[in-house]
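K.L.:
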Amino acid sequence: MVNAQDMEVEGITSFPSTTTTYRFSIQLKNDKISIWMEDRTSKKQWYKGNIAKCDYVTSANTITDASASDYVKCFHDALTCTLDGSSDGHRQLRFLPGNSLRLEFVMNVHIMHSTLVAIYTFDLEPVSVERIDVLESKLRD
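Heads up: the sequence shown begins at 308 in the numbering used here, then just goes up one per residue.
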């Protein structure tokens, strides 16, 4: 059964820390999100799945009455906004030991005359990629 809130957003992004561009997908299914990224040059991939809202929302970064789909939309906005600092969201990418990635979203949420700075962090694990998948990905690009 498909949940009315289930969704998927995709796109291409880059980060201030690197010149590499990445293909990404954020999927929401049964109130859990999954994040997938691919280096468009090397075709390396990273993934974190089955993430419940309580795994990324804390008392320090909660947005009142926001649903999981609202957070997915915010994360998508942070991945697709310009890198010039003019938007309310931005992103960082850090390389971790074991070829993992740390994806960080920083959101400026305006509430009346105040601004909440909400930070969300996801550690993505490397995905084993078959040669046929690399060829398919190169054809997409």
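The beta-carbon is built from N, C-alpha and C at its ideal position, and this holds for glycine as well.
Since the model is a prediction, treat every value here as computed from it, not as a measurement.
Between N406 and S341, what straight-line distance do the alpha-carbon atoms span, to the nearest angstrom?
P.N.:
Distance between the alpha carbons of N406 and S341: 19 Å.
K.L.:
Would you list, in sequence order, the uninterrupted alpha helix (DSSP H) runs of no fewer than 4 residues that lie entirely inside the stretch 315-377?
P.N.:
If we require 4 residues or more, the alpha helix (DSSP H) runs fully inside the stretch 315-377 come out as 360-363.
K.L.:
Return helix, strand or coil for G392, following the three-state DSSP convention.
P.N.:
G392 falls in the coil class under three-state DSSP.
K.L.:
Can you say whether H417 is buried or exposed, counting buried as having 16 or more other CB atoms within 10 angstroms of its CB?
P.N.:
Looking at its Cβ environment, which holds fewer than 16 other Cβ atoms inside 10 Å, H417 is exposed.
K.L.:
Is the CB-CB distance between T320 and L386 below 7 Å?
P.N.:
Yes. Within cutoff.
K.L.:
Leaving out five residues before and five after M414 in sequence, what residues of the same chain have Cβ atoms less than 7 Å from its Cβ?
P.N.:
Around M414: C381, A385, D395, G396, A425.
K.L.:
Hey, how far is the Cα of V379 from the Cα of F322?
P.N.:
Taking the straight line joining both Cα atoms gives about 18 Å.
K.L.:
Could you tell me which residues DSSP pairs with M414 in its beta bridges?
P.N.:
The partner list for M414 (beta bridge, DSSP) reads G396, A425.
K.L.:
Mapping DSSP to helix, strand and coil, what is L386?
P.N.:
Looking at L386 - three-state DSSP - the assignment turns out to be helix.
K.L.:
Taking a contact to mean a Cβ-Cβ separation below 7 Å, would you say S376 touches Q312 in this structure?
P.N.:
Yes; because the gap between Cβ atoms is below 7 Å, this pair is in contact.
K.L.:
Could you check the C-alpha separation between N337 and T327 for me, to the nearest Å?
P.N.:
Approximately 32 Å, taken between the alpha carbons.
K.L.:
Measuring alpha carbon to alpha carbon, tell me which of V434, M314, F429, T422 ends up nearest I370.
P.N.:
For the residues V434, M314, F429, T422, the minimum Cα distance to I370 belongs to T422.
K.L.:
Leaving out the 5 sequence neighbours to the left and right, which residues in its chain are closer than 8 Å to F331 when beta-carbon positions are compared?
P.N.:
So the list reads E317, G318, I319, T320, I342, W343, M344, E345, L386, once near-sequence residues are dropped.
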